[in-house]
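Numbering (my numbering), first residue to last: 12 to 717.
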């Protein structure tokens, strides 16, 4: 701090931070990581020493994305303020050794503890929980080797008082669920692979001693998310078996997210029938096979629903309006709706309809009117084509949802109907001249107002108007309806992609430029926009969307070459807040110029590049890692040889691991047969949040976990 002294206030132009009120200083300090507050900031002066230990700052300690924290810092932190911590979040701290968990025992007053993604053995968990008598909320991983018989009686006593449990399963097990006799909220994440590392097929049957019955009598929230694989389905059925016998009286949220086919059985049918008779739900998500062709929705009762997900269901718009919205019932309580992959959800019926047929705007209008307080809406992975009726375009109807914070749309839904006949030219005023066509010096042969006419056409487009009306939007996904990533979860890389929708052919640079109106945009995903020529709209986004933190671009423009590289590099120079960058593009050349531009992103933490036949320059990667000190994740799946990939990965680890404890580097040929084996070792936090492509809008209910 540089304080300018003078004889009068007029001469003193400096500002002393310590002159601010305690309330303002506490608000400023709340943005500082807990480890920095306690171990560094509080040692600067007496006033900050007192403020840094204020209850508002020590009550909740968040370490989940503090990538600089290490075992020694955690030990010192717990020693200094352990007794003052009531909520501790260490989710995803995969780099910390398991012995770090021993220091949590100092936090005698802990009420909420999140250890998802941390290495915790059965014995360590038992020792830790034995001392946390006030614990009411717990999140852990259950890994191979977990043995519930090793849990002490004191540990089980603590678990018997836990009312909220989040459990990620990497092996078939009940985990600690049978010990939690007071459960009100149960979140289960099934990440069990069908094969062991040795290649043996795994069974979904639980091990001996794992047959204890879970206690669901007080359950209010049940959530299960399954990774692909039949073992996950077998194990979740065992968890559901108890629910099928008797549905908890207070159950108000029942959610199962299952990819692919998850067939309904007699037990699950009994469960759903029991729910229809006894439960009044506020949140619902079911596998598509449980909804398709059944009258279940007609019999379920809802109270004040806040979340619905009918992802990948064949639910028609007629059924959606009649059975869920009850013909236009007031659903102001609904804040999150996921209709991803519901190809007929905006059509009156699905029996004789083709997926590419026009939508029925009256259904969408009923939805918008009834659910006027929606904050999260996902309409991706479907062809939602608007008709030529004036004022009934999908974008025009969605513009009424003024409270939207996140939105996912298919590319073909944002084009003007008239664009198939006459496409407006690109907006020259939105693009630096260096990125457009060369301008001939001489006599102008076109009207002077041609550029103005072009801008008027663009700004009158329905998508431009939609972006202008959703000024507070924080997350936007525009994804081609037929797009599929080259990196599926547990399968070899996809070599061929489906062609984009015909109506999406007119979506290009000018539509991307319209996104620059979103001043508060934090996360942007653009995938399969075939008419991207120069990528000029990206520059506008970089200039205007200064709060952008997450950027994911995939298959933009022609697949044979990366025509938007120059614009992308110009964009990156302005993205000072960007933390996560994911690029998926065939023939992407990650060379010196690209990494030099990327070095301007001083806040960047995670980088993922997926490119079939793509190339990279090792020296440029090393220079980039040396200049961007915050980068802790570097994933590149390209067309280089296995030897070149391994050499570069080893060089990065040797050079930077010591100073970056959380560093995770995976550089591997995209089309190599062992790709799935490499993927399984990636920390779940990175794999789920950035490495694997998926739509994340309304993926889960808001505030499902803290």
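The beta-carbon is built from N, C-alpha and C at its ideal position, and this holds for glycine as well.
For clarity, every value in this text was computed on a predicted model and none was experimentally measured.
When secondary structure is reduced to three states using DSSP, residue 713 falls in the coil class, being assigned neither helix nor strand. Between the segment 112-122 and the segment 158-174, the count of Cβ pairs shorter than 8 Å is below three; the stretches do not touch.
Our two residues, residue 666 and residue 634, have alpha carbons roughly 11 Å apart in a direct line. Assigned with DSSP and collapsed to three states, residue 649 falls in strand. Under the three-state reduction of DSSP, residue 188 is assigned to helix. Its chain contains 237, 298 as the residues whose beta carbon lies nearer than 6 Å to that of residue 269, once the 5 sequence neighbours on both sides are disregarded; these appear in chain order. Between the alpha carbons of residue 529 and residue 484 lies a gap of roughly 7 Å. The C-beta of residue 89 has 16 or more other C-beta atoms within 10 Å across all chains shown, which makes the residue buried. Between residue 422 and the set 519, 279, 301, 416, the nearest pair of CA atoms involves 519. The C-alpha of residue 627 is placed about 14 Å away from the C-alpha of residue 573. Following the DSSP letters along the chain, one finds residue 620 inside the beta strand (DSSP E) bounded by residues 617-621.
By the C-beta criterion, the segment 229-236 is judged not to be in contact with the segment 205-215, since fewer than 3 inter-stretch pairs fall below 8 Å.
By the criterion of at least three beta-carbon pairs nearer than 8 Å, the segment 284-300 is in contact with the segment 311-330.
Taking a 10 Å sphere around the C-beta of residue 309, we find fewer than 16 other C-beta atoms and assign the residue as exposed. Of 476, 658, 590, the smallest CA-CA separation from residue 680 is found for 658. Residue 168 and residue 141 have their C-alpha atoms roughly 8 Å apart. Here residue 519 is bridged, per DSSP, to 542.
For residue 178, no alpha helix (DSSP H) run applies; the uninterrupted beta strand (DSSP E) run containing it begins and ends at 175-180, by DSSP. Cβ contact annotation for residue 372 (same chain, cutoff 6 Å, sequence separation greater than five): 403, in chain order. Here residue 135 carries a helix assignment [DSSP, helix/strand/coil]. If the five residues before and after residue 664 are omitted, its C-beta is found closer than 6 Å to the C-beta atoms of 676, all from its own chain and listed in chain order. Residue 411 holds the alpha-carbon nearest to the alpha-carbon of residue 381 among 411, 394, 399, 30. In the DSSP annotation of this structure, the continuous segment of the alpha helix (DSSP H) that includes residue 307 starts and ends at 307-310.
Around residue 479, the same chain offers 528 as residues with beta carbons nearer than 6 Å, after the five sequence neighbours per side are excluded.
For the 7 Å CB-CB criterion, residue 389 and residue 419 form a contact.
Contact between residue 78 and residue 643 holds: CB atoms are separated by about 5 Å, below the 8 Å threshold. The three-state reading of DSSP puts residue 360 in coil, since its state is none of H, G, I, E or B.
Secondary structure at residue 341: coil, using DSSP grouped into helix, strand and coil. Annotation: the continuous alpha helix (DSSP H) that includes residue 287 extends over 277-289. Annotated as proximal: residue 287 and residue 311, with beta-carbon spacing under 7 Å.
Short of 6 Å from the beta carbon of residue 215, and not among the five residues preceding or following it, lie these beta carbons of its own chain, in chain order: 183, 242, 245, 246. Here residue 224 has 189, 253 as same chain residues with Cβ atoms under 8 Å from its own Cβ, once five neighbours each way along the sequence are excluded.
When C-alpha distances from residue 113 are compared across 95, 91, 82, the shortest belongs to 82.
In the DSSP assignment, residue 248 falls within the unbroken alpha helix (DSSP H) covering 241-256.
Just so you know, the alpha carbons of residue 473 and residue 427 end up roughly 6 Å apart. For residue 36, no beta strand (DSSP E) run applies; the uninterrupted alpha helix (DSSP H) run containing it begins and ends at 33-40, by DSSP.
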